[in-house]
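For the sequence shown, numbering that gives the first Met the number 0 assigns the number 0 to the initial residue and increments by one for each residue that follows.
Ideal placement from N, C-alpha and C gives every residue a C-beta, glycine not left out.
Quantities reported herein were computed from a predicted structural model and do not represent experimental measurements.
Please read the structure below before turning to the comments.
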Amino acid sequence: MADLPSYGQATWAPSGEFAPITPADATDFAATRGLIVAVAGTLKVKRATDNADATIDAPAGVLPIRITRLYAAGTSATGFTGLW
């Protein structure tokens, strides 16, 4: 099998790392490339682009969003995996 190309850390590049995310009201993390949501619901997040808070209705699946915080208060969706 041929080696896949390396895209480095470009914002448009596919994710190379993933880990569970536990919602927390006071904890930031490195900006994600995406978020996997297991059970649909509301997300309250801090956007990586401008550090503004946003609330969205999220379906279950992979969301191509760049966030630095997933708040516990205001989030009803469950089962999160961050993609970096």
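To the nearest angstrom, report how far apart residue i and residue j are at their CA atoms.
i	j	result
P22	F79	8 Å
A29	R68	9 Å
V44	F17	18 Å
D27	S75	19 Å
A51	A59	23 Å
V61	I35	4 Å
G15	D49	24 Å
Quick check on residue i: does DSSP put it in helix, strand or coil?
i	result
D24	coil
G73	coil
D87	With the chain running from 0 to 83 in the structure shown, residue 87 is simply not present.
R68	strand
R32	coil
M0	In this prediction, M0 scores a pLDDT of 49, lower than 50, which makes its location untrustworthy; no coordinate-derived value is stated.
Can you check DSSP and say which residues form a bridge with residue i?
i	result
V57	Looking at the sequence itself, residue 57 is Ala, so the reference to Val does not match. Note: A57 sits in a beta bridge opposite G40.
A18	G81
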